[in-house]
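Colleague:
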Amino acid sequence: MVDSEESEELRHKKRMRRLGYAAAFTVFLTATGLALSLTVMHIKNPKFSFGFVKIEDLSLDSSNTTPSFSMRFDAEIAVKNINFGPFEYDKSAISMSYGERKGGEAFMSNGEVKVRSTKVIKVTVDLASNNVSGNSKFASDMKMGFLTLTDHGILDGKVHLMNVFKKKKSPQMNCTIEVNLETKVIQEWKSN
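Here you go:
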């Protein structure tokens, strides 16, 4: 009888130990899953902004009653993917405006940014005053020698995680560029 009580107590201890191991393993799996979902599986919006902007060509005509200009920008657009999966984006357009009027556009073809990396895309924007001259401040800004331009773009795409999860993301770019018409350089450039 003593042996059967000891063996019963020994079996009970083994069962409790196994139950403890199973509980510890469950807690470990839950903690690991929670940590992965908060870090690796948390999909953030990629960053999308101008990396470099340069005036390639600028011609002014202020001789007549309605001043005009023609401008060409060379720019590098940086798409930074901060996720643990590649970001595939669709074709996109970036518009350059003076006031509320669109003066020019740059087009980006579709592509992919690798995991946790940055892709630089070169674009050219042609901007002409015939598209923006309806603005009431245009003539006075031309005479002062400064033009403030705004850029806006949306990059629609998907972040792929482990070829299982796909999450739509659309980073936006909003920039303000102030061009000095006399020196033909970019005076100030803000991107947010």
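So for the sequence shown, the numbering used here puts the first residue at 10; every next one is plus one.
All C-beta atoms in this analysis are idealised placements derived from N, C-alpha and C, irrespective of residue type, glycine included.
Because the structure is a prediction, the values reported are computed rather than measured.
1. Along the chain, where does the alpha helix (DSSP H) that runs through residue 152 open and close?
2. How close, in whole Å, do the beta carbons of residue 155 and residue 183 come, if the pair is a contact with beta carbons under 8 Å?
3. What are the start and end residues of the beta strand (DSSP E) that includes residue 200?
4. Drop a sphere of 10 angstroms on the beta-carbon of residue 107, count the other beta-carbons inside from all chains shown, and report buried for 16 or more, exposed for fewer.
5. Taking 9 Å as the threshold (C-beta atoms), are residue 132 and residue 86 in contact?
6. Would you mind reading off the limits of the beta strand (DSSP E) that contains residue 186?
7. Figure out for me which residue from 55, 54, 79, 60 has the closest Cα to the Cα of residue 66.
8. Return yes when the Cβ of residue 54 is within less than 9 Å of the Cβ of residue 180, no when it is not.
9. Which residue's Cα is closest to the Cα of residue 82: 191, 168, 174, 158?
10. Determine the DSSP secondary structure at residue 80, reduced to helix, strand or coil.
11. Should the region 108-127 be called in touch with the region 144-153, which here means at least 3 C-beta pairs below 8 Å?
12. For the candidate residues 170, 100, 90, 58, whose alpha-carbon lies nearest to that of residue 199?
13. Of the choices 112, 152, 123, 178, whose alpha-carbon is the least far from that of residue 160?
14. Less than 9 Å between the C-beta atoms of residue 177 and residue 165, yes or no?
15. State the DSSP-derived secondary structure class of residue 48, mapped to helix, strand or coil.
Modeller: Well, looking at it:
1. 147-153
2. Their Cβ separation, rounded to whole angstroms, is 20 Å, which puts residue 155 and residue 183 out of contact at 8 Å.
3. 194-200
4. buried
5. yes
6. 181-189
7. 79
8. yes
9. 158
10. strand
11. yes
12. 58
13. 112
14. yes
15. coil
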